[in-house]
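Peer 1: Count along the sequence shown from 1, then add 62; that gives the number in the numbering used here.
Mind looking over this structure? Questions follow.
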Amino acid sequence: MHLRSYFTVLSCLAFLMSCQKSSDTDPTVSMTGQPAKRAYVAVNESSGEPVQCSVIKDESFIVGHETVRLGRSKGLPASANFAMFVSPLAVNTDGAPTSYHPHDFLGKSLAINRIDNGIAIRKNSSLTLTEKISAFEKWRDSGWTAPAGYSVSWQNVIAQDDAGRPCVFASGPNKGYFGSLTALKNGLLGAVAGECQVANQLDQRFIPAIVLRGDTNPLKGFGARTGDLVVALNPASGKSVAAVIGDTGDGDRIGEGSVALNMALLGKTLQPKTYADALKLDTGHTDMVVAVLPGTATYNRVRPYTTANIAERVNSWAKEQGYGSTAGLARVAQACGTGL
């Protein structure tokens with residue numbers, strides 16, 4: 063069975079729901095004042111209550127070939143809009159202090175990520191992996207001076223020390239690792255932020271988050287920004303998880319979740335210790351439903367971010383907007399995913 067057809071079946075079964083397309087157009091008015099394009103109806107068979115999604119607009123993420131959909135529960139105001147997509151989720155480790163280690167380029171024994179996933183090593187001509195490793199080691203061993211003919215870009219992923227060089231933990235449980243950054247910060251400065259600014263980052267081993275990737279990502283056109291709230295759903299298990307947009311990046315992948323998010327969605331509890339372990343937290347060919355709540359970055363914000371305060375904020379927003387709860391919001395997002 064084709065993956066998208068498989069998802070459509072799952073979107074009806076995960077909550078014991080049956081789905082149908084209600085009409086080609088829906089009377090609900092969009093943000094632009096135009097009628098919503100269409101509506102999907104799901105019926106919760108345990109309660110008999112309909113769960114209806116009004117689709118306001120679809121946009122294509124051309125580079126990654128995904129569709130991003132703006133929708134909301136039928137009858138709710140535009141303030142209840144969410145921007146959602148259906149996609150597998152790769153795993154993101156940035157912000158975890160064990161992400162990158164200068165003596166474990168491939169993440170085989172110490173780090174949970176590869177150096178070349180966080181540090182760009184370039185030359186005029188294409189490089190083999192062996193050449194990348196050699197250039198990196200020369201850069202490392204020279205005190206962070208790039209070898210002749212090479213460029214090394216690290217500033218957006220690796221923390222800086224006071225001298226503007228890559229920050230390597232000198233003590234404590236993370237001794238020897240690079241400090242790793244996230245776009246979303248905990249609002250901590252100075253000594254409180256800790257060595258390599260570690261406490262000011264989202265440790266994505268423990269904070270559920272997604273990555274907002276790509277300059278042309280339609281999520282941005284629908285108002286999504288770093289720090290906005292998110293609800294993610296595994297339609298196969300019915301597990302929903304509250305999260306935030308915790309990081310940004312380029313590239314053509316729309317679906318990328320933190321270690322904590324993917325672990326929760328997949329029902330796993332064992333933290334990765336190597337890159338191979340982290341790769342097992344990719345959802346592979348299994349689609350997840352992800353709904354972003356645009357404009358919620360400062361809604362009831364509490365920092366430092368924790369799993370608990372993120373979950374409380376998402377649930378409060380869902381209640382205020384008429385979804386009842388995070389689970390109710392997830393059910394509507396699932397209905398909205400019909401056909402994606």
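In this text, a Cβ means the ideal position worked out from N, Cα and C, and glycines have one as well.
Source: prediction; values computed, not measured.
Reducing DSSP to helix, strand and coil, say where K301 ends up.
Peer 2: Here K301 sits in strand by DSSP.
Peer 1: Rounded to the nearest angstrom, what separates K185 and Y212 at their Cα positions?
Peer 2: If I take the Cα positions, the gap works out to 5 angstroms.
Peer 1: Name the two residues that bound the continuous alpha helix (DSSP H) containing Y337.
Peer 2: Element bounds for Y337: 337-341.
Peer 1: From Q222 to N262, what distance separates their C-alpha atoms?
Peer 2: Rounded to whole angstroms, Q222 to N262 spans 13 angstroms at the Cα level.
Peer 1: So is N143 buried or exposed if we call it buried at 16+ other beta carbons inside 10 Å?
Peer 2: N143 is buried by the Cβ-count criterion.
Peer 1: Inspect the beta-carbon positions of V148 and V351 and report whether they are closer than 8 angstroms.
Peer 2: It is a contact, given that the beta carbons lie within the stated cut-off.
Peer 1: Just verifying my parser: in three-state terms, what is the DSSP assignment at I307?
Peer 2: Strand at I307.
Peer 1: Should V254 go down as buried or exposed, given a rule of 16 or more other Cβ atoms within 10 Å for buried?
Peer 2: Looking at its Cβ environment, which holds fewer than 16 other Cβ atoms inside 10 Å, V254 is exposed.
Peer 1: Determine which residues share a DSSP beta bridge with N296 and list them.
Peer 2: Paired residues: K301.
Peer 1: Do I316 and R275 have their C-beta atoms closer together than 8 angstroms?
Peer 2: Yes, these two residues count as a Cβ contact at 8 angstroms.
Peer 1: Taking the alpha carbon of L355 as the point to measure from, which residue in A340, L332, A395, A338 has its own alpha carbon closest?
Peer 2: The candidate whose alpha carbon is nearest that of L355 is A395.
Peer 1: Exposed or buried, E107, counting other C-beta atoms within 10 Å across all chains shown (16 or more means buried)?
Peer 2: Residue confidence for E107 is low, a pLDDT of 38 falling below 50, so the modelled location carries little weight; the figure read from the coordinates is stated next. E107 is exposed by the Cβ-count criterion.
Peer 1: For G252, name the three-state secondary structure that DSSP assigns.
Peer 2: Here G252 sits in helix by DSSP.
Peer 1: Quick test of the definition: if touching needs 3 or more C-beta pairs under 8 angstroms, does the stretch 230-241 touch the stretch 265-275?
Peer 2: No, because fewer than three Cβ pairs between the stretch 230-241 and the stretch 265-275 fall closer than 8 angstroms, the two stretches do not touch.
Peer 1: Between Q333 and the rest of its own chain, which residues show a CB-CB distance below 7 angstroms, the 5 nearest in sequence each way excluded?
Peer 2: Within the same chain, Q333 has close Cβ partners R267.
Peer 1: Going straight from the alpha carbon of G311 to that of F167, what length do you get?
Peer 2: Cα to Cα, the separation comes out at about 21 angstroms.
Peer 1: Using the DSSP secondary-structure output, state which residues sit across from M146 in a beta bridge.
Peer 2: Beta-bridge pairing links M146 to R131, A353.
Peer 1: From the DSSP output, read off the bridge partner residues of G319.
Peer 2: DSSP, once it has assigned bridges, lists V153, I272 as partnering G319.
Peer 1: From this set, P164, R365, A304, K119, which residue's C-alpha is nearest W216's C-alpha?
Peer 2: With distances taken between Cα atoms, W216 lies closest to P164.
Peer 1: When you compare the CB positions of G157 and D265, do they come within less than 8 angstroms of one another, or not?
Peer 2: Contact flag set, yes.
Peer 1: For A397, name the three-state secondary structure that DSSP assigns.
Peer 2: Helix, per DSSP.
Peer 1: Which word fits K330, buried or exposed, when buried means at least 16 other C-beta atoms lie within 10 angstroms of its C-beta?
Peer 2: Its Cβ having fewer than 16 others within 10 Å, K330 is exposed.
Peer 1: Which residue or residues does DSSP assign as beta-bridge partners of I220?
Peer 2: Partner(s): S242.
Peer 1: With 16 other CB atoms within 10 Å as the buried threshold, where does N154 fall?
Peer 2: Burial call: buried.
Peer 1: Can you tell me whether P280 is helix, strand or coil according to DSSP?
Peer 2: In this structure, P280 counts as helix in the three-state DSSP scheme.
Peer 1: Which residues does DSSP pair with F123 in a beta bridge?
Peer 2: Answer is E128.
Peer 1: Looking at the secondary structure, which residues open and close the beta strand (DSSP E) in which S161 lies?
Peer 2: Taken as a continuous stretch (DSSP letters only), S161 belongs to no beta strand (DSSP E), as it is neither H nor E.
Peer 1: Quick one: grab the DSSP three-state call for L172.
Peer 2: Looking at L172 - three-state DSSP - the assignment turns out to be coil, as it is neither helix nor strand.
Peer 1: Would A305 be called buried (16 or more neighbouring beta carbons within 10 Å of its own) or exposed?
Peer 2: When all chains shown are included, A305 counts as buried.
Peer 1: Which stretch, first to last residue, makes up the alpha helix (DSSP H) that contains R375?
Peer 2: Looking at the DSSP string, the run of the alpha helix (DSSP H) that includes R375 is 369-383.
Peer 1: Among residues of its own chain, excluding the 5 on either side of L172, which ones have a beta-carbon nearer than 6 angstroms to its beta-carbon?
Peer 2: Around L172: H163, D166.
Peer 1: Tell me which residue opens and which closes the alpha helix (DSSP H) that K200 is part of.
Peer 2: Per DSSP, K200 belongs to the alpha helix (DSSP H) from 191-203.
Peer 1: Among T358, P297, K342, G401, whose alpha-carbon lies nearest the alpha-carbon of A389?
Peer 2: Taking only the C-alpha atoms, the option nearest A389 is P297.
Peer 1: Return helix, strand or coil for Q263, following the three-state DSSP convention.
Peer 2: Q263 falls in the strand class under three-state DSSP.
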